[in-house]
Amino acid sequence: MSTETSSKSGDDSWATDAVESATDDLRHELESARRDATGKKARAIEKAENLLDRAEQALKKRT
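This is the structure in structure tokens:
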């Protein structure tokens, strides 16, 4: 039975890696945009970062 668990987690590791890679890329882009952002744009970027955090957590629970 432990073999099945190990196999499953090995099969899912690519999905977890993909989620982490994609969210890291998005965070990098948001950080770059934040440097020049003021006012409404800065608030929109902050909201996007919060949504990204929530999406990342939801995806990690599924993988």
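Quick note on numbering: the sequence shown equals residues 1 to 63 in full-length UniProt numbering.
Each residue gets a CB set at the ideal place from its N, CA and C atoms; glycine is no exception.
Small disclaimer: the values here were computed from a predicted structure and weren't measured.
Item to check | T16, DSSP secondary structure in three states | outcome: Secondary structure of T16 (DSSP, three-state): helix.
Next on the checklist: Taking only three categories from DSSP, how would you classify residue 73?
Outcome noted: Shown here, the chain extends from 1 to 63; a query on residue 73 therefore has no answer.
Next on the checklist: On the DSSP letters alone, give me the boundaries of the alpha helix (DSSP H) that A42 sits inside.
Outcome noted: 39-62 is the span of the alpha helix (DSSP H), which, as asked, contains A42.
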